[in-house]
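Peer 1:
Number of protein chains: 2
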Amino acid sequence: MLTSPTSEALAAFLDEQLRLGGALLQVVGECEVLYSGRAASVAEAGDYLVLVKPDGSVQVQGPRGVKPVNWQPQTDSIAVGLEEGVAVLTAERFTPAELVRVAFDHPALALAIELDENGNFVLMGSEAEMQRALARNPEVIEPGLQLLEMELPTDVGGIDLLARDAAGRLVVVELKRSKATHEAVHQLSRYVESVRAVVGDCEVRGVLAAPAVTAPALNRLGALGLEFREVTALPDLDEAPQQPGLFG
Amino acid sequence: MLTSPTSEALAAFLDEQLRLGGALLQVVGECEVLYSGRAASVAEAGDYLVLVKPDGSVQVQGPRGVKPVNWQPQTDSIAVGLEEGVAVLTAERFTPAELVRVAFDHPALALAIELDENGNFVLMGSEAEMQRALARNPEVIEPGLQLLEMELPTDVGGIDLLARDAAGRLVVVELKRSKATHEAVHQLSRYVESVRAVVGDCEVRGVLAAPAVTAPALNRLGALGLEFREVTALPDLDEAPQQPGLFG
DNA sequence: ACATGAATATTGGAT
DNA sequence: ATCCAATTTTCATGT
Chain A
0 MLTSPTSEAL
10 AAFLDEQLRL
20 GGALLQVVGE
30 CEVLYSGRAA
40 SVAEAGDYLV
50 LVKPDGSVQV
60 QGPRGVKPVN
70 WQPQTDSIAV
80 GLEEGVAVLT
90 AERFTPAELV
100 RVAFDHPALA
110 LAIELDENGN
120 FVLMGSEAEM
130 QRALARNPEV
140 IEPGLQLLEM
150 ELPTDVGGID
160 LLARDAAGRL
170 VVVELKRSKA
180 THEAVHQLSR
190 YVESVRAVVG
200 DCEVRGVLAA
210 PAVTAPALNR
220 LGALGLEFRE
230 VTALPDLDEA
240 PQQPGLFG
Chain B
0 MLTSPTSEAL
10 AAFLDEQLRL
20 GGALLQVVGE
30 CEVLYSGRAA
40 SVAEAGDYLV
50 LVKPDGSVQV
60 QGPRGVKPVN
70 WQPQTDSIAV
80 GLEEGVAVLT
90 AERFTPAELV
100 RVAFDHPALA
110 LAIELDENGN
120 FVLMGSEAEM
130 QRALARNPEV
140 IEPGLQLLEM
150 ELPTDVGGID
160 LLARDAAGRL
170 VVVELKRSKA
180 THEAVHQLSR
190 YVESVRAVVG
200 DCEVRGVLAA
210 PAVTAPALNR
220 LGALGLEFRE
230 VTALPDLDEA
240 PQQPGLFG
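Protein chains in written order, with numbering that gives the first Met the number 0: chain A, 0 to 247; chain B, 0 to 247.
So this is what it looks like as structure tokens:
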């Protein structure tokens with residue numbers, strides 16, 4: 000870590016860290032940023048926070064908003080140099096061709112941080128979690144619904160939930176955690192066909208359960224005689240009692 | 000700035016800085032992040048860089064990519080507290096209702112940075128700019144073209160440029176700053192139809208003006224009797240003469 | 001490599 | 001507060 004480094008010290012520090020790799024680099028201070036590629040932009044001299052990640056992605060964060068002022072998703076080439084006494088970072092990408100140049104006019108702080116990548120698994124409110132929640136309480140999908148199977152294997156994949164409705168019909172339920180697309184409809188359709196082929200004597204319904212559905216998917220559902228059910232089965236974290244061990 | 004602070008020290012530090020406002024806050028270390036709102040996600044314990052900006056926006060950056068692992072664009076309420084010996088940041092937004100909670104299990108570093116907002120002017124090459132440039136000089140699109148309207152509203156949306164060609168025909172121009180897709184063709188097609196419906200007695204051409212076009216889009220254009228015109232209205236910063244005082 | 005589609009898209013402006 | 005449109009969208013996926 001360096002505080003108020005000279006341009007030479009900053010350039011040497013960044014150069015060494017870039018060669019080493021593996022660290023998240025950070026420079027705070029007054030800089031000018033230039034982007035040229037899919038569009039073109041120039042950020043005049045101002046205070047910014049510049050982040051350079053181990054994968055070569057660069058982002059220049061200003062004082063407001065989540066979106067960086069300038070950025071580069073991933074870079075094929077990244078280098079630092081001295082130009083007329085100023086440390087300059089150049090990050091380039093080839094496809095599409097674009098370039099970000101950051102000139103550190105008055106660096107106030109430079110940091111190299113090791114971010115352990117181990118165990119950084121992000122679990123989105125997962126489909127599995129949603130499946131368990133709905134399995135515990137199938138009536139959320141439809142009153143009178145009784146669960147028969149979870150993750151039932153078929154020749155075309157696994158059925159999320161298989162249930163029986165109040166009228167005794169089989170119900171194939173396909174779950175999506177986020178907005179359901181025509182892919183989900185296609186999947187559900189195949190499952191329903193597969194089940195119908197096995198139990199020809201029983202009426203079989205298909206239900207797509209998701210928090211939302213795209214318009215084309217809804218159209219296709221209707222055309223195939225399938226149904227959509229809006230479910231938001233994710234645990235309501237605002238109102239749910241705190242889990243011991245998680246956040247305290 | 001704090002290094003390896005205790006949870007109590009971290010909570011006190013963040014609380015004070017949040018009350019003061021104006022600073023960009025940063026915490027590096029092992030934490031758990033929970034998001035609930037438009038979707039739901041949990042990031043398991045791992046090393047992250049957490050940024051809290053003066054406008055209340057929160058982002059949790061992992062070791063890769065420009066996009067944060069978890070984030071919140073702006074917050075109506077932000078607070079820090081101690082829960083069972085762990086400093087916890089809670090950032091809430093009301094519309095849409097969403098919540099981010101960050102539990103700092105093992106903080107390694109906490110920083111408060113002053114980012115001066117003065118003079119952070121950013122010049123972009125945007126579609127609006129491209130539109131103005133072409134409006135000033137329509138001959139770039141086609142010799143003899145005369146501008147009639149900009150952003151002309153129709154029942155199916157706004158026409159970027161409406162012009163008259165050398166032969167007196169109306170020309171509907173659809174602009175795209177980047178590679179035009181079939182979406183742009185569809186849009187142009189609707190505009191042309193809309194204009195033809197209004198002025199049945201005058202021939203109407205449709206021109207898609209963009210720096211590039213996808214192959215399917217070009218095919219569709221041809222099938223619909225529309226035209227493509229390559230324009231590169233963005234300022235080319237690579238070839239432009241260097242400004243003295245800017246990057247050397 | 002390219003095209004296509006989804007996303008907690010974000011953001012700014014108009015209504 | 002909603003809706004609409006632009007964005008260097010980014011990112012993942014299929015071809």
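Beta carbons are placed, not taken as given, at the ideal position from N, Cα and C, and that holds for glycine.
How long is the line joining the alpha carbons of Leu-169 of chain A and Arg-163 of chain A, rounded to whole angstroms?
Peer 2: Residue mapping note: residue 169 of chain A aligns to position 170 of the first sequence, counting from 1. Residue mapping note: residue 163 of chain A aligns to position 164 of the first sequence, counting from 1. Looking at the two C-alpha atoms, the distance is approximately 5 Å.
Peer 1: Per DSSP, Glu-226 of chain B is paired with what?
Peer 2: Counted from its first residue, the second sequence places residue 226 of chain B at position 227. Looking at the DSSP assignment, Glu-226 of chain B forms a beta bridge with B:Val-206.
Peer 1: What residues match up with Asp-46 of chain B in a beta bridge as DSSP calls it?
Peer 2: In the second sequence, counting from the first residue as 1, residue 46 of chain B sits at position 47. Asp-46 of chain B pairs with B:Glu-29.
Peer 1: According to DSSP, Arg-163 of chain B sits in a beta bridge with which residue or residues?
Peer 2: Reading the second sequence from its first residue, position 164 is the one you call residue 163 of chain B. B:Gln-145 and B:Leu-169, per the DSSP bridge assignment.
Peer 1: When you compare only the Cα positions, how much space is there between Asp-154 of chain B and Ser-177 of chain B?
Peer 2: If you number the second sequence from 1, residue 154 of chain B lands on position 155. If you number the second sequence from 1, residue 177 of chain B lands on position 178. Rounded to the nearest angstrom, the two C-alpha atoms are 25 Å apart.
Peer 1: Using a Cβ-Cβ distance cut-off of 8 Å, determine whether Ile-164 of chain B contacts chain A.
Peer 2: Residue numbering aside, residue 164 of chain B sits at position 165 when the second sequence is read from its first letter. Note that residue 164 of chain B corresponds to Asp in the displayed sequence, not to Ile. For Asp-164 of chain B, the answer is no, since every Cβ of chain A falls outside 8 Å of its Cβ.
Peer 1: Residues of chain B with CB closer than 8 Å to the CB of Leu-151 of chain A, please, in chain order.
Peer 2: Numbered from 1 along the first sequence, position 152 holds the residue referred to as residue 151 of chain A. Chain B residues near Leu-151 of chain A: none, gap ~26 Å exceeds 8 Å.
Peer 1: Which whole-angstrom value is the C-beta distance of Ala-107 of chain A and Val-27 of chain A, which I expect to be below 8 Å?
Peer 2: By one-based count along the first sequence, residue 107 of chain A stands at place 108. By one-based count along the first sequence, residue 27 of chain A stands at place 28. About 5 Å; that satisfies the 8 Å criterion.
Peer 1: Is there a Cβ from chain B that is less than 8 Å from the Cβ of Gln-58 of chain A?
Peer 2: Here residue 58 of chain A is taken as the residue at index 59 of the first sequence, counted from 1. Closer than 8 Å: yes.
Peer 1: If you draw a straight line from the alpha carbon of Ile-112 of chain A to that of Ala-8 of chain A, how long is it in whole angstroms?
Peer 2: Taking the first sequence and counting its residues from 1, the one referred to as residue 112 of chain A is at position 113. Taking the first sequence and counting its residues from 1, the one referred to as residue 8 of chain A is at position 9. Roughly 17 Å between the two C-alpha positions.
Peer 1: I'd like to know whether the C-beta of Pro-67 of chain B is nearer than 8 Å to at least one C-beta of chain A.
Peer 2: In the second sequence, the residue the question calls residue 67 of chain B occupies position 68. It does; some Cβ of chain A falls within 8 Å.
Peer 1: Leu-24 of chain B: which of B:His-105, B:Gln-58 and B:Asn-136 sits nearest, CA to CA?
Peer 2: Locating residue 24 of chain B in the second sequence gives position 25, counting from the first residue. If we check each option's Cα against that of Leu-24 of chain B, B:Gln-58 comes out closest.
Peer 1: When the Cα atoms are used, what is the spatial distance from Leu-144 of chain B to Thr-180 of chain B?
Peer 2: The count along the second sequence starts at 1 and reaches residue 144 of chain B at position 145. The count along the second sequence starts at 1 and reaches residue 180 of chain B at position 181. If I take the Cα positions, the gap works out to 25 Å.
Peer 1: From what residue to what residue does the beta strand (DSSP E) around Leu-248 of chain B run?
Peer 2: The requested residue 248 of chain B is not part of the displayed model; chain B covers only 0 to 247.
Peer 1: Checking contacts by CB at 8 Å: is Leu-13 of chain A closer than that to chain B?
Peer 2: Residue 13 of chain A sits at position 14 when you count from the first residue of the first sequence. Answer no: the Cβ-Cβ gap between Leu-13 of chain A and chain B never drops below 8 Å.
Peer 1: Could you please tell me which residues of the region 28-50 of chain A, in chain order, have their CB closer than 9 Å to any CB of chain B?
Peer 2: Those residues of the region 28-50 of chain A that come within reach of chain B (Cβ to Cβ, closer than 9 Å) are Glu-29, Glu-31, Val-32, Leu-33, Tyr-34, Ser-35, Arg-37, Ala-38, Ala-39, Ser-40, Val-41, Ala-42, Glu-43, Ala-44, Gly-45, Asp-46, Tyr-47, Leu-48 and Leu-50.
Peer 1: Should Gly-80 of chain A be flagged as near chain B, meaning a C-beta pair shorter than 8 Å?
Peer 2: In the first sequence, counting from the first residue as 1, residue 80 of chain A sits at position 81. So, not an interface residue.
Peer 1: Could you tell me whether the Cβ atoms of Val-87 of chain A and Val-99 of chain A are closer together than 8 Å?
Peer 2: Along the first sequence, read from residue 1 onward, the residue named residue 87 of chain A stands at position 88. Along the first sequence, read from residue 1 onward, the residue named residue 99 of chain A stands at position 100. No, the pair does not count as a contact, with Cβ atoms beyond the cut-off.
Peer 1: Considering only the alpha carbon of each residue, which of A:Gly-61, A:Leu-151, A:Pro-142 and A:Gly-84 lies closest to Val-32 of chain A?
Peer 2: Here residue 32 of chain A corresponds to residue number 33 of the first sequence, with the count starting at 1. Of A:Gly-61, A:Leu-151, A:Pro-142 and A:Gly-84, the residue nearest in Cα terms is A:Gly-61.
Peer 1: Determine the chain A residues that contact Ser-177 of chain B at a beta-carbon separation under 7 Å, and present them in chain order.
Peer 2: As a first step, residue 177 of chain B must be located in the second sequence, where it is residue number 178. Chain A residues near Ser-177 of chain B: Arg-37.
Peer 1: Tell me the rounded alpha-carbon separation between Pro-152 of chain B and Ile-158 of chain B.
Peer 2: Residue numbering aside, residue 152 of chain B sits at position 153 when the second sequence is read from its first letter. Residue numbering aside, residue 158 of chain B sits at position 159 when the second sequence is read from its first letter. Rounded to whole angstroms, Pro-152 of chain B to Ile-158 of chain B spans 6 Å at the Cα level.
Peer 1: So which residues on chain B does Ile-112 of chain A lean against when the C-beta distance must stay under 9 Å?
Peer 2: Position 113 of the first sequence holds residue 112 of chain A. Chain B residues near Ile-112 of chain A: Val-27, Asp-46, Leu-48, Ala-107 and Leu-108.
Peer 1: Under the three-state reduction of DSSP, which class applies to Ala-196 of chain B: helix, strand or coil?
Peer 2: As a first step, residue 196 of chain B is located in the second sequence; it is residue number 197 there, counting from the start. Reduced to three states, the DSSP call for Ala-196 of chain B is helix.
Peer 1: May I ask you to verify whether the region 66-85 of chain B touches the region 33-48 of chain B, counting CB pairs closer than 8 Å and requiring at least 3?
Peer 2: Yes: at least three Cβ pairs fall under 8 Å.
Peer 1: So, is Val-198 of chain B buried or exposed, given that buried needs 16 or more other C-beta atoms within 10 angstroms?
Peer 2: Here the question's residue 198 of chain B lines up with position 199 in the second sequence. It counts as exposed.
Peer 1: Taking only beta-carbon atoms, is Arg-228 of chain B less than 8 Å away from chain A?
Peer 2: Position 229 of the second sequence, counting from 1, holds the residue named residue 228 of chain B. Taking Cβ atoms only, chain A never reaches closer than 8 Å to Arg-228 of chain B, which makes this a no.
Peer 1: Give the residues of chain B in contact with Asp-115 of chain A, contact being defined as C-beta atoms less than 9 Å apart.
Peer 2: As a position in the first sequence, residue 115 of chain A is number 116, starting the count at 1. Within chain B, the residues near Asp-115 of chain A are Glu-29, Gly-45, Asp-46 and Pro-62.
Peer 1: So, Ser-76 of chain A versus Glu-97 of chain A, is the Cβ gap smaller than 8 Å?
Peer 2: By 1-based counting over the first sequence, the position of residue 76 of chain A is 77. By 1-based counting over the first sequence, the position of residue 97 of chain A is 98. For Ser-76 of chain A and Glu-97 of chain A, no; Cβs fall outside 8 Å.
Peer 1: How would you call Pro-137 of chain A, buried or exposed, if buried means at least 16 neighbouring beta carbons within 10 angstroms?
Peer 2: Within the first sequence, residue 137 of chain A is the residue found at index 138, counting from 1. Classification of Pro-137 of chain A: buried, given that the 10 Å Cβ count is 16 or more.
Peer 1: Using a Cβ cut-off of 8 Å (strictly closer), state whether Leu-23 of chain B contacts chain A.
Peer 2: For the purposes of this step, residue 23 of chain B is taken as the residue at position 24 of the second sequence. Leu-23 of chain B counts as touching chain A.
Peer 1: Do Leu-225 of chain B and Gly-205 of chain B have their C-beta atoms within less than 8 Å of each other?
Peer 2: Stepping through the second sequence from its first residue, residue 225 of chain B is reached at position 226. Stepping through the second sequence from its first residue, residue 205 of chain B is reached at position 206. Contact: yes.
Peer 1: Among the residues of its own chain, which have a CB less than 8 Å from the CB of Ser-3 of chain A, if the five just before and after it don't count?
Peer 2: If you number the first sequence from 1, residue 3 of chain A lands on position 4. Closer than 8 Å at Cβ, skipping near neighbours: Pro-106, Ala-107 and Leu-108.
Peer 1: Going by C-alpha to C-alpha distance, which of A:Pro-95, A:Ser-6, A:Ala-165 and A:Glu-182 sits closest to Ala-253 of chain A?
Peer 2: There is no way to answer for residue 253 of chain A, as the model of chain A reaches only from 0 to 247.
Peer 1: So, with DSSP's three-state summary, where would you put Glu-116 of chain B?
Peer 2: Here residue 116 of chain B refers to the residue found at position 117 of the second sequence. If DSSP states are grouped into helix, strand and coil, Glu-116 of chain B belongs with coil.
Peer 1: With H, G and I counted as helix, E and B as strand and the rest as coil, what does DSSP make of Ser-56 of chain B?
Peer 2: Position 57 of the second sequence, counted from the start, is the residue given in the question as residue 56 of chain B. DSSP places Ser-56 of chain B in coil when its eight states are reduced to three.
Peer 1: Grab me the residues of Ser-56 of chain B's own chain with a C-beta within less than 6 Å of its C-beta, minus the 5 sequence neighbours each way, in chain order.
Peer 2: Within the second sequence, numbered from 1, the residue matching residue 56 of chain B stands at position 57. Result list for Ser-56 of chain B: Pro-72 and Gln-73, in chain order.
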